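Scroll down for the structure; my scribbles are underneath it.
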Amino acid sequence: MEAGDALDVRQALATLAAAGDGGEARSSLELLTSFLHTSSSRRGQFEELYYARFVEVLLGQLSADWLSALRFEQQRSLVDAALLSGPPDQALLALLAALAGLEASSRLDKCVSLLETFLRQGRLAELMFRSCVEQPGSLCESSVTQETLLGKMVALPDLAANKLKLSNREMFRPVRYFELLATETFAALERVCAALRDGRDCSVKFISAVLGKACTQGHAETVWGSLMPRLTPLVEMDFLWRRIGYRLLENVPDRWSESVMLGLVRLAPRHTVLSWLLGDLVLKNPKLRYLLTQKMLLLRYDKTHILRNILGYLADAASRRTLLIEALKTLLDTWSNASSVKHTSYEQHAYITQAILICLGLLNEQDKKKHKHTLLSLMMGGVKCHLESNIVSVRRLGMITAESITSVLEPAGHQLKFEYEEDEETVHLKSLLNPEPEQNEAQMHSHAAIVEKISQDQYGKDQHNPEMKGSKEDKSWTEKKPAVEDEDLDSDDDLVPYDMSDDDDDDMPKLKKPHYIRDCMEGLLASEKPDKLEAALMAAESLIRSDATSTKEVSVELVKILLHMEELGSIMNFQSLRQRAMVAATATDPARVASYLTAEFYGPNYNLRQRMDMLDTLALTAQELSQVTLAAVKAARPAHVSEIAEGGPTLPDPSLPTHWTEIVRRRIDSKTKRFASPRAPEPTAVPNNFAAVAGNFFFPLISNYDKLDTFDLLGEDHMVLARLLHTLGAIMHAASCAPLAPRMAKTLLDFLWALRYHSDPLVRRGLLFCLAMATAAAPSVCAEAELLGEATETRAWLEDMMESEPDRECQQLALQCLLIVDGALKKELAVKQ
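Take the position in the sequence shown, starting the count at 1, then add 1333; the result is the number in our numbering.
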């Protein structure tokens, strides 16, 4: 730029800033705009030295009278051209600076409209492309300015929302803007590809920074959801696009790589796309190796599709298979850790199990032979930890994994087999051993549909097990009959079938059922006669309930016989019949039988199954005794109240004689018109049959838990401890209205406080159940605890469980307990005030 041109530019800027005369201001604007359409050398000098000041002055004159007097076409040719023809980085920074400094006015509206036009005209793509080819005069050459520009680009929706508030434009909504940003990013990459084909040098570092910053701000799903359908067909067919994708991901700063990679592996339609984009980058970048082989496999739990992508990428090339083996060993080591099994949430543990099964399906024959012994040794320790767990689903994970490892590593040798319930999750886990099927040509090109499908929850729905196709047996052979070639052969087809229509099963001799309780006890002891024992067991419950007097004489002996009975496979519903008989006997004579069971629970010579039966019997009996029966309610109500509660007067039974007063009352009622519905009866007090014996059930059962020589209740027998807690909670709930309830609740809370940090999740569930029952049954105890300051520690414990508890069910129970405790405290303290 010559000296005269520089003088003209400075004078025009001064005139435009003063804006005294509209004609002079317009002439100055036309002069300054003309420098953006001159030769490249003059334009480059103007953009480098004066363009930033020119845009700043122009935006300051948006509300000037002379500018408003121009026609729409004139404003567009002058103002819009000045912003859309110059360096986009300087224009964007100037627009955002003006936006931040303006208040609600017409000038702000014009500035927002200019910013919308800037975005719609593809200036972001121009900005990113200029940073790639390092155009002279670009602010992206400066690292400080580059960071400022990068922050402004990603934070533009926030800046606009803070300024415009409720009048925000649709263009500046986060989802809409980041979709636009992804589209502009792809357009910039297309121009980079064209420049590379022309032999020009390009660098995509700035675009990598934009991608990383946007993903870290929480928009990875939006950005990759727009980029992936466009990139996938290109990297599949063009090696140059693979190099561009590789450089794009290689230049992402380490502090942003996790968000970028998580969005990539989540939205990539298949693992081959990762291979095309990443290549062997995982071998060069330690941060990426840590993310793909450890953090995303061990410290996260997400969809199965992510595991298939990551592990399929590691197995897709010989150079990366060593990382696949290392990842499998790390997964098995974590999976077999006893502490991990106990303190990891089930969702996280199931995610690790899925990763192991996918790895097994990707092993080749050489990997199996080389690492067979190491993998089997890791598996054996893990199976033991899983089978010792109290949670059925965790035990099933161990069984499925052990079966899968032995079937893969020793297909012709000895394989482990377990019995477990088959469900949808089991089928899904077994299907993971099969490699992901290749997609056909039509599916490979419908990338938008693929990404939309992947973004939805696929757990247990999109995994297909080809072995299920052949699960139905072909039964057609049973319908085929051998052809008879010689009709003279002997055949039974011509024989007339014997008529058995008159036969009846009732005519068959049956074993006589006992009619007395002592005969029933004798039959229960006849283990050498299964038919007699079965008849006695089936009649036991009805005999006990029908003859309470005789049962009370032999109640303890009867329960002792039932408790020591061994299961016979020939008797249907053996456990259910025995349990119902024990509950019936305990309910008939609760004080004596409960004392016997609570004493024998801590006694010697009992296995864990028998101790569990004792606890179940006590819990079920407490629930039965505490229930209000319909007969008791009717007995406590007058006749007319019962009729109102049950919907009106009952119809007379024609087989019974009716008193004349009843006939008169019904005739009067039938001819009487009532203009109001009868008043609802007040609740009638009904006695709780469990209240008198609640102490016999509760206190002996909770008194000797720490004075045991027969089994380790606080140690390895934690399954019994968990069942004991649930039984105590059930008894506490049944004794809600008993006079002993406050004392029972205080004793139970002291017992719970000593076990609140137990390592087993099943025990912690029992603790929370007992806490809820104690609070609901005796809120006064909690109110006293609040006055003493103990409830504060209980609430802190519950809040800590809600935040850091690995077991999800425990978290939900802790939340429910916290609500119950707070509700009980408010209600009880309000009553006392």
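No residue lacks a Cβ here, since even glycine has one placed at the ideal position from N, Cα and C. Please read these numbers as outputs of a predicted model, since none were measured by experiment.
In this structure, the beta-carbon distance from CYS2143 to ARG2089 does not fall below 8 angstroms. Distance from the CA of MET1561 to the CA of ALA1553, rounded to the nearest whole angstrom, comes to 11 angstroms. Contact between the segment 2080-2096 and the segment 2049-2060 is present: three or more C-beta pairs spanning the two stretches fall below 8 angstroms. When C-alpha distances from ALA1542 are compared across ARG1506, LEU2073, TYR1510, LEU1582, the shortest belongs to LEU1582. TRP1609 is classed as buried because its beta carbon has at least 16 other beta carbons within 10 Å across all chains shown. Comparing alpha carbon positions, the residue from VAL1926, LEU1958, LEU1664, ALA2129 closest to LEU1632 is LEU1664. Sequence-distant Cβ neighbours of THR1921 in its own chain, meaning closer than 8 angstroms and more than five residues away, are ILE1877, ARG1878, ALA1881, THR1884, LYS1885, SER1888. Boundaries for ALA2071: no alpha helix (DSSP H) harbours it, and the DSSP string shows neither H nor E there. The DSSP-derived three-state label of GLY1532 is coil. Contact between the segment 1745-1753 and the segment 1668-1681 is absent: fewer than 3 CB-CB pairs across the two stretches fall below 8 angstroms.
Contact check for LEU1657 and CYS1692: beta-carbon distance about 6 angstroms, within the 8 angstroms limit, so the pair qualifies. Under the 8 angstroms Cβ criterion, the segment 2066-2084 counts as touching the segment 2019-2032, having at least three qualifying pairs.
Using a 10 angstroms sphere on the CB of GLU1380, the tally of other CB atoms reaches 16 or more, which defines it as buried.
In the structure shown, ASN2029 falls within a helical segment according to DSSP collapsed to helix, strand and coil. LEU1730 and ASP2050 have their C-alpha atoms roughly 22 angstroms apart. For ASP1491 and ASN1618, the gap between their C-alpha atoms comes out near 33 angstroms. GLN1378 and GLY1419 have their C-alpha atoms roughly 12 angstroms apart.
Under the three-state reduction of DSSP, PRO1768 is assigned to coil, being neither helix nor strand. Of all alpha-carbon atoms in ALA1932, GLN1699, CYS1718, the one lying nearest the alpha-carbon of TRP1668 is that of CYS1718. With respect to LEU2085, LEU2104 sits close: the two C-beta atoms are nearer than 8 angstroms. Its Cα nearest to that of LYS1636, the residue LEU1600 stands out among SER1374, LEU1600, GLY2062.
When the beta-carbon positions are compared, LEU1616 and ARG1563 stay at least 8 angstroms from each other. Taken atom to atom, the span from the alpha-carbon of SER1875 to that of GLN1956 is near 19 angstroms.
Between the beta-carbon of GLN1423 and that of ALA1385 there is about 5 angstroms, and that keeps the pair under the 8 angstroms contact cut.
Between the beta-carbon of LYS1443 and that of VAL1487 there is about 25 angstroms, and that puts the pair past the 8 angstroms contact cut. Going by DSSP, ASP1946 is part of the alpha helix (DSSP H) stretching over 1941-1959. In terms of Cβ geometry, ILE1540 and MET1594 do not form a close pair [threshold 8 angstroms]. In this structure, LEU1441 sits away from LEU1448, with a CB-CB distance that is not shorter than 8 angstroms. In the DSSP assignment, GLU1698 falls within the alpha helix (DSSP H) that extends over 1698-1720. Counting only the Cα atoms, VAL1725 lies some 12 angstroms from ILE1733. C-alpha of THR1348 to C-alpha of THR1516: approximately 40 angstroms in a straight line. For VAL1606, the secondary structure class from DSSP, reduced to helix, strand or coil, is helix. Boundaries of the alpha helix (DSSP H) around GLN1687: 1679-1695. Counting along the chain, the unbroken alpha helix (DSSP H) around ARG1728 starts and ends at 1725-1742. If you draw a 10 Å sphere on the C-beta of PRO2020, you find fewer than 16 other C-beta atoms in it, and that means exposed.
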